[in-house]
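Asks: Residue numbers (full-length UniProt numbering): 13 to 447.
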Ligand code: NDP
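What follows is the structure, given as structure tokens:
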């Protein structure tokens, strides 16, 4: 805390892990006196760099770029790049720390990292985005590689940005390798990667509901966000027979009492991905829905909540409202969207609650599958990748049950995910000596 006192999000993420892992270490001699957690909270390397670029007016703009190489005990650093004005060291260190445990849970050989910039893609032209990405990659390229560190997308970094970043890497290094994931299909991308995080979040919720003999059929689902994760979480929930009633962005949320159908979701995808518009435009197209400015969707009555926007977007008061409105299951699509107070409410109420590092691991798992396909120089079918994704999500769910089942039978998925993730990384670090 002394060393990182000015990094609130990072401390929050570490505290959540420490609360469950320290008692486990105290009961397991082999992990004691090895400074394992102390080593895990210290990034192996942090790179911070200047990103200068020319805007459309010919003016020079300056942003700050980062890459946190957190832990490489079980594989090359792996984790997304976030472009958002709120990006700072604390946020990226929390994300990189979570990523280490998440990647371990996937059972694939992936270390943990995260990066990005305080660059705001909103309102920028395609040419400005390209020039920014090229400048960002010019520095980042020195620090990454297909066996060293393999970045991917996150908030503000989708297929368009990954394309520009990959093009610049290839130009600088004169090699075509799987150095980024989330690539387009014509140049090494994997089928199902765009869908994977959202689909995986719903697969995980489905496994949780199944433990209660329940399913998505007929359930009312509240989703926050309207980006990559939210869109595909909505798509899969609809396919499973649920009624998705909300989506949002940072300005407000839409509530559609009739449910967001496949056709309405296609409109949202076109609105957000092609026109880069605001979710409020949904009600112009579908007037039976309402738009609530400046609010988050957790005030509506629902059975299942899928927070898919950003960190700390669901607080303790909102958790109380969700539970009192009958919500029985929360599966996090975003990273750390629920505050510690919200998690406490869910767990005290004994409702199903999955932390992002378990329930949103499908994205990075499928990125791992993209890396395998790149190394093999072949492409698996959508069905093959989806089957593997389902298997991985089911295994993560099982690992949470194994390590998280309490004496009264309640499954503490936070504890389960943290300990299951910790064990593999800790064993690898122990085997590799004092590193
Ligand atoms: P996108 O950029 O595609 O979408 C982000 C969505 O969240 C947008 O609707 C955005 O609204 C909203 N949002 C962003 N910041 C805020 C904020 N401060 N307050 C309220 N709403 C906000 O990102 P993704 O869908 O890829 O990522 C969403 C979450 O999922 C993140 O937490 C990310 O770390 C996590 N995640 C993503 C993975 C992936 O594969 N993409 C993998 C695992 C986790 P607006 O347009 O107004 O900014």
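Even for Gly, the Cβ is constructed at its ideal location relative to N, Cα and C.
Check whether the stretch 355-365 touches the stretch 293-305, counting contact only when three or more Cβ pairs, one atom from each stretch, lie closer than 8 Å.
Replies: no
Asks: Please name the residue, chosen from 212, 392, 291, that lies closest to residue 404 on a Cα-to-Cα basis.
Replies: Indexing the chain shown from 1 puts residue 404 at position 392. The option with the nearest alpha carbon to residue 404 is 212.
Asks: Looking only at C-alpha atoms, which of 272, 263, 244 sits nearest to residue 256?
Replies: As a first step, residue 256 must be located in the chain shown, where it is residue number 244. Checking every option, the nearest Cα to that of residue 256 belongs to 272.
Asks: Heavy atom of the ligand NDP less than 8 Å from the Cβ of residue 241, yes or no?
Replies: For the purposes of this step, residue 241 is identified with residue 229 of the chain shown, where counting begins at 1. For the ligand NDP, at least one heavy atom lies less than 8 Å from the Cβ of residue 241.
Asks: Let me check you understand the geometry: is the CB of residue 339 closer than 8 Å to at least one non-hydrogen atom of the ligand NDP?
Replies: Within the chain shown, numbered from 1, the residue matching residue 339 stands at position 327. Not so, every heavy atom of the ligand NDP lies at least 8 Å from the Cβ.
Asks: Specify the secondary structure class of residue 364 as computed by DSSP and reduced to three states.
Replies: In the chain shown, residue 364 corresponds to position 352, counting from 1. Residue state, collapsed to three classes: strand.
Asks: Using a Cβ-Cβ cut-off of 8 Å (strictly less than) and excluding sequence neighbours within five positions of residue 33, which residues of its own chain qualify?
Replies: The residue labelled residue 33 in the question sits at position 21 within the chain shown. Closer than 8 Å at Cβ, skipping near neighbours: 49, 430, 431, 434.
Asks: Quick one: is residue 389 buried, meaning 16 or more other Cβ sit within 10 Å of its Cβ, or exposed?
Replies: Sequence index remark: in the chain shown, residue 389 carries index 377 (1-based). By the 10 Å Cβ count, residue 389 comes out exposed.
Asks: If you run the structure through DSSP and keep just helix, strand and coil, what is residue 9?
Replies: Outside the shown range of the chain, which is 13 to 447, sits residue 9, and nothing can be said about it.
Asks: By the three-class DSSP mapping on this structure, what secondary structure does residue 305 have?
Replies: If you number the chain shown from 1, residue 305 lands on position 293. Strand at residue 305.
Asks: Have a look at 339, 304, 366, 25 and flag the residue whose alpha-carbon is nearest the alpha-carbon of residue 219.
Replies: The residue given as residue 219 occupies position 207 in the chain shown. Among 339, 304, 366, 25, the Cα nearest to that of residue 219 is on 366.
Asks: Measure the beta-carbon distance from residue 465 to residue 208 and round it to whole angstroms, keeping in mind my assumption that it falls under 8 Å.
Replies: There is simply no residue 465 to check, as the chain begins at 13 and stops at 447 in what is shown.
Asks: CA-CA distance, residue 446 and residue 252?
Replies: Indexing the chain shown from 1 puts residue 446 at position 434. Indexing the chain shown from 1 puts residue 252 at position 240. If I take the Cα positions, the gap works out to 48 Å.
Asks: Could you give the distance in angstroms between the alpha-carbon of residue 335 and the alpha-carbon of residue 361?
Replies: On the chain shown, residue 335 is found 323 positions in, with the first residue counted as 1. On the chain shown, residue 361 is found 349 positions in, with the first residue counted as 1. About 8 Å.
Asks: Specify the secondary structure class of residue 228 as computed by DSSP and reduced to three states.
Replies: By 1-based counting over the chain shown, the position of residue 228 is 216. Of the three classes helix, strand and coil, the one that applies to residue 228 here is coil, per DSSP.
Asks: Using the C-alpha atoms, what's the distance from residue 156 back to residue 311?
Replies: On the chain shown, position 299 is the one that residue 311 refers to. On the chain shown, position 144 is the one that residue 156 refers to. The alpha-carbon atoms of residue 311 and residue 156 are separated by roughly 43 Å.
Asks: Can at least three beta-carbon pairs, one atom from the stretch 152-166 and one from the stretch 74-81, be found at a separation below 8 Å?
Replies: yes
Asks: As a quick exercise: from 315, 57, 240, pick the residue whose alpha carbon is nearest that of residue 260.
Replies: Sequence index remark: in the chain shown, residue 260 carries index 248 (1-based). Measuring from the Cα of residue 260, the nearest candidate turns out to be 240.
Asks: Among the residues of its own chain, which have a CB less than 6 Å from the CB of residue 427, if the five just before and after it don't count?
Replies: Walking along the chain shown from the start, residue 427 turns up at place 415. Closer than 6 Å at Cβ, skipping near neighbours: 32, 416.
Asks: Taking the CB atoms as reference points, tell me whether residue 301 and residue 322 lie closer together than 9 Å.
Replies: Residue mapping note: residue 301 aligns to position 289 of the chain shown, counting from 1. Residue mapping note: residue 322 aligns to position 310 of the chain shown, counting from 1. Result no, Cβ atoms of residue 301 and residue 322 do not sit closer than 9 Å.
Asks: Here's the rule I'm using: 16 or more other beta-carbon atoms within 10 Å means buried, otherwise exposed. How should residue 60 be labelled?
Replies: For this step, residue 60 is matched to residue 48 along the chain shown. With fewer than 16 Cβ atoms within 10 Å of its Cβ, residue 60 is classed as exposed.
Asks: In whole angstroms, what is the alpha-carbon distance linking residue 364 and residue 91?
Replies: In the chain shown, counting from the first residue as 1, residue 364 sits at position 352. In the chain shown, counting from the first residue as 1, residue 91 sits at position 79. One C-alpha to the other measures close to 27 Å.
Asks: Measuring CB to CB, does residue 309 end up less than 9 Å from residue 267?
Replies: In the chain shown, counting from the first residue as 1, residue 309 sits at position 297. In the chain shown, counting from the first residue as 1, residue 267 sits at position 255. Taking 9 Å as the Cβ cut-off, residue 309 and residue 267 qualify as a contacting pair.
Asks: Considering Cα atoms alone, identify which of 62, 118, 133 is closest to residue 150.
Replies: Here the question's residue 150 lines up with position 138 in the chain shown. Checking every option, the nearest Cα to that of residue 150 belongs to 62.
Asks: In whole angstroms, what separates the C-alpha of residue 67 from that of residue 419?
Replies: Counting from 1 along the chain shown, the entry for residue 67 is found at position 55. Counting from 1 along the chain shown, the entry for residue 419 is found at position 407. Looking at the two C-alpha atoms, the distance is approximately 59 Å.
Asks: Does the beta-carbon of residue 118 have 16 or more other beta-carbons within 10 angstroms, so that it is buried, or is it exposed?
Replies: The sequence position of residue 118 within the chain shown is 106, counting from 1. Label assigned to residue 118: buried.
Asks: Hey, residue 398 and residue 250: beta-carbon distance below 9 Å or not?
Replies: By 1-based counting over the chain shown, the position of residue 398 is 386. By 1-based counting over the chain shown, the position of residue 250 is 238. Taking C-beta atoms as the reference points, residue 398 and residue 250 fail to come closer than 9 Å.
Asks: For a quick check, are the C-beta atoms of residue 376 and residue 342 less than 9 Å apart?
Replies: For the purposes of this step, residue 376 is taken as the residue at position 364 of the chain shown. For the purposes of this step, residue 342 is taken as the residue at position 330 of the chain shown. No, the pair does not count as a contact, with Cβ atoms beyond the cut-off.
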